[in-house]
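A.B. asks: Can you read through this structure? Questions will come right after.
Numbering (my numbering), first residue to last: 1 to 325.
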C-alpha cells in the first residue's frame, strides 16, 4: 500500500522470497532510519485469510495476524505485528504483544512492546498506547552510554513510573529477537532508576531486579472499604505509591468484588493492593488501578515492590524464597 503511495525516497523496500516474523524483526536490528514497510512482493506470499490489511488513518497502516496457523505465527506467544510508517520522521515502529508471567497463550498479563531508534513525541506514544488498548505499552531505545536501553511505559490513560510485566515483556523481546547472546539487560528509566533483567538460558528463567517500596501504616481513605464491596475489614492498612490492604485469609481477597466506578471517584488513590496469607502459597494478592483506568490488573510486577518487603518481614522467611501467586 505504501509502496504505491509514499514518495520512493521515503522508503527502503525490502523484498524477500520468504519472510517470517523473526526475519522482519531482523530488519529492526540493522539500525536503518526506515524499515519496510512490507512490500507487495512480501504480502503476496501470504494468503488473504492469513493477514487482515486495513488502513486505520492516513499516517499508518496495520497488518494484524488473524489465523494462528498462518505463516506469520512463528513465535511461542500471541504476536500482533503492526508496522507504523511515520512519513514526517521517516521512522517505522513495530510493536508486538507479549503475554507476561505465563507459559500459556492468552494467559498472564499482556503488554505491547515497541522498539525505537529514537524517542517519538510523548503525545504520539500515548496515542499508540490508546490504540493498543492494553494495560501497558512499553517503548525502548538503545542507550549508547551503557549498552543497555532506555525504557518508558504508557497505559491508555497516562505514562507510568514503573511497570513490571511490560519490563519483563520488553526483556523477552530483546533476549529472543534483538540480542539472543545477552544474559543481562540494563534499563534506564525516568522515575525508577536502573532496572536489571537477567536470563538463565538453560531454562529461559528471567529475574527482575526491582526497587523496594516499603509501605508505611496509613489510614483508610473515605469510601475505599465500601467500594471494595467485600464486607470484610482489612487487618492492616499501608501505603507507598499504592494503598496495601492486608486481609486475614485468602478467601477474603478472592471475595472482593469492587465497584470500579466508586473506586475511580476516590481522591488520591492510584492503586489498591489486596493481599493475605495463602492456603497453599505464602501469600496471594490482587491489584486494582483506578488511577490508571485499569479496573484490575491480572499480574502486577510493580505491586511486588511493596508486597515483598512486607511479607519478607512478616513471614520471617529471610533465608528462603517466597512462594507467591
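Beta carbons: idealized from backbone N, C-alpha and C, even for Gly. No experiment lies behind these values; they were computed from the predicted model shown.
From residue 252 to residue 218, what does the alpha carbon distance come to, in whole angstroms?
C.D. replies: Going from the Cα of residue 252 to the Cα of residue 218 covers about 20 Å.
A.B. asks: Expressed to the nearest angstrom, what Euclidean distance is found between the alpha-carbon atoms of residue 147 and residue 235?
C.D. replies: Near 46 Å, if we compare the C-alpha coordinates of residue 235 and residue 147.
A.B. asks: Buried or exposed for residue 40, please, with buried defined as at least 16 other CB atoms from any protein chain shown within 10 angstroms of its CB.
C.D. replies: Confidence is the limiting factor: at residue 40 the pLDDT is only 47, short of 50, which leaves the residue's position unreliable and the question unanswerable from this model.
A.B. asks: Drop a sphere of 10 angstroms on the beta-carbon of residue 30, count the other beta-carbons inside from all chains shown, and report buried for 16 or more, exposed for fewer.
C.D. replies: Per-residue confidence for residue 30 stands at a pLDDT of 34, beneath the threshold of 50, marking its modelled position as unreliable; the derived number appears in the next sentence. Label assigned to residue 30: exposed.
A.B. asks: Mind the definition here: the region 180 to 197 touches the region 281 to 297 only if three or more C-beta pairs lie below 8 Å; say whether that holds.
C.D. replies: Short answer: they don't touch.
A.B. asks: Select from 243, 281, 284 and 226 the residue whose C-alpha is nearest the C-alpha of residue 259.
C.D. replies: Out of 243, 281, 284 and 226, 226 has the C-alpha closest to the C-alpha of residue 259.
A.B. asks: Tell me where the beta strand (DSSP E) around residue 153 begins and ends.
C.D. replies: Its beta strand (DSSP E) spans residues 149 to 154.
A.B. asks: Give me the Cα-Cα distance between residue 139 and residue 231, rounded to the nearest whole angstrom.
C.D. replies: Between residue 139 and residue 231, the C-alpha separation is close to 41 Å.
A.B. asks: Please say whether residue 250 and residue 277 have beta carbons closer to each other than 9 Å?
C.D. replies: Yes, Cβ-Cβ distance for residue 277 and residue 250 is below 9 Å.
A.B. asks: Are the beta-carbon atoms belonging to residue 208 and residue 167 less than 9 Å from one another?
C.D. replies: Yes, they are a contact pair.
A.B. asks: Just curious, the alpha helix (DSSP H) that residue 128 is in, first and last residue?
C.D. replies: Note, residue 128: alpha helix (DSSP H), 122 to 132.
A.B. asks: For residue 132, does the count of other Cβ atoms within 10 angstroms reach 16, so buried, or fall short, so exposed?
C.D. replies: It counts as buried.
A.B. asks: Helix, strand or coil for residue 264? Go by DSSP, reduced to three states.
C.D. replies: Residue state, collapsed to three classes: helix.
A.B. asks: Here's a check: name, in chain order, each residue in its chain whose Cβ is nearer than 6 Å to the Cβ of residue 191, leaving out the five neighbours to either side.
C.D. replies: Only 161 meet the Cβ criterion.
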